[in-house]
Amino acid sequence: MRHEHLRSGVSPGGVEVRELGHRWAACSAAGDLAFHWKCMMAPPTVLDYVVVHELCHFHQFDHTDAFWNEVDKVVPAYREHKEWLRRHEAGMDV
Numbered sequence: 190m191r192h193e194h195l196r197s198g199v200s201p202g203g204v205e206v207r208e209l210g211h212r213w214a215a216c217s218a219a220g221d222l223a224f225h226w227k228c229m230m231a232p233p234t235v236l237d238y239v240v241v242h243e244l245c246h247f248h249q250f251d252h253t254d255a256f257w258n259e260v261d262k263v264v265p266a267y268r269e270h271k272e273w274l275r276r277h278e279a280g281m282d283v
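Below, the structure written as structure tokens:
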């Protein structure tokens, strides 16, 4: 996770990769991050978006305009990456 400046002194309680059902990633109120194992099959730029998305939850826990503005500051093309995930999720299987 190379977007250290987003955390503003907040460290994740833990980071894990696991099955998350229909979600790509999750950020708990305790600061734990979990990423769906399928994220690892996405292009690096898309994976960066997922990481930034979760790190932004340290500042804005819900998906308000303020949250998306924070994501946009770091990943201006986030809409393209979000769309890529939507289009490819069904085919990302092993």
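Using our numbering, you'd call the opening residue of the sequence shown number 190 and step up by one each time. Where a beta carbon is used, it is the ideal one built from N, C-alpha and C, also for glycine. None of these values were measured; they are calculated from a predicted model.
Counting C-beta atoms within 10 angstroms of its own C-beta, V204 has fewer than 16 neighbours from the protein chains shown and is therefore classed as exposed. Short of 6 Å from the beta carbon of Y238, and not among the five residues preceding or following it, lie these beta carbons of its own chain, in chain order: V264, Y267, H270.
C228 and A215 do not touch by the CB rule: their CB atoms are close to 11 Å apart, not below 8 Å.
Looking at the DSSP output, R207 shares a beta bridge with H225. Its Cα nearest to that of A218, the residue H248 stands out among E272, W257, H248. Here the C-alpha atom of E208 lies approximately 6 Å from the C-alpha atom of W226. For the 8 Å CB-CB criterion, F224 and V235 do not form a contact. Here H246 has C216 as same chain residues with Cβ atoms under 7 Å from its own Cβ, once five neighbours each way along the sequence are excluded.
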